[in-house]
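Engineer:
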Amino acid sequence: MSAIKKHDVFQAVADPTRREILHLLSNQNLAISEITSHFSITRTAVVKHLTILSEANLVSGKKSGREKIYHLHPEPLMEIKNWVSYFEQFWNNKLSMLKYLVENEEDKKE
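When the letters of the sequence shown are read in order and numbered with the UniProt record's numbering, they come out as residues 1 to 110.
1) Determine the closest residue to residue 7 out of 50, 44, 26, 102, with distance taken between C-alpha atoms.
2) Can you give me the start and stop residues for the beta strand (DSSP E) that residue 72 sits inside?
3) For residue 9, which residues of its own chain have a beta-carbon under 7 Å away from its beta-carbon, when the five flanking residues on both sides are left out?
4) Starting from residue 63, trace the beta strand (DSSP E) both ways and give me its first and last residue.
5) Pick from 103, 11, 33, 90: whose alpha carbon is nearest that of residue 61?
6) How would you label residue 100, buried or exposed, when you count the other beta carbons within 10 angstroms and need 16 or more for buried?
7) Quick one: measure Cβ to Cβ for residue 70 and residue 25, integer angstroms, because I've assumed they're closer than 8 Å.
8) Report, in whole angstroms, the separation of the C-beta atoms of residue 115 and residue 35, which I expect to be a contact under 8 Å.
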């Protein structure tokens, strides 16, 4: 029995098409046909993207008649937010240092 490869949230949002799908679903729940209409790729390709997003627990689909309606689960995105927030302190320090250097350079010119 082979294990199904699961994708984490970082892998899921690495692709611009998947990020756009998340953006679309942030506004409303959508059927696959509605999602597909926003892209110049096949329905099969959209389904593959939705599968990766589902494996990362970012979206889920529920059968409604002949369509499957997808909705967003934004909670896993907190993992990305937390990771980026940790490194934000380094950017803030670098920007403070840059400001200091620029201001000191300007003082020397005066």
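Backbone N, C-alpha and C define an ideal beta-carbon position, used for all residues, glycine too.
Structural biologist: Put simply:
1) Taking the first residue of the sequence shown as 1, we reach residue 7 at position 7. Ranking 50, 44, 26, 102 by Cα distance to residue 7 puts 50 first.
2) Counting from one through the sequence shown, the residue named residue 72 turns up at place 72. First-last of the beta strand (DSSP E) with residue 72: 67 to 72.
3) Start at 1 with the first residue of the sequence shown, and residue 9 comes out as number 9. So the qualifying residues of the chain are 56, 58, 76, 77, 79, 80.
4) The residue labelled residue 63 in the question sits at position 63 within the sequence shown. 59 to 64 is the span of the beta strand (DSSP E), which, as asked, contains residue 63.
5) Numbered from its first residue, the sequence shown carries residue 61 at position 61. For the residues 103, 11, 33, 90, the minimum Cα distance to residue 61 belongs to 33.
6) Indexing the sequence shown from 1 puts residue 100 at position 100. Exposed, by the Cβ-count rule.
7) Counting from one through the sequence shown, the residue named residue 70 turns up at place 70. Counting from one through the sequence shown, the residue named residue 25 turns up at place 25. That pair is a contact at about 6 Å.
8) The question about residue 115 has no answer here: the residues shown for the chain are numbered 1 through 110.
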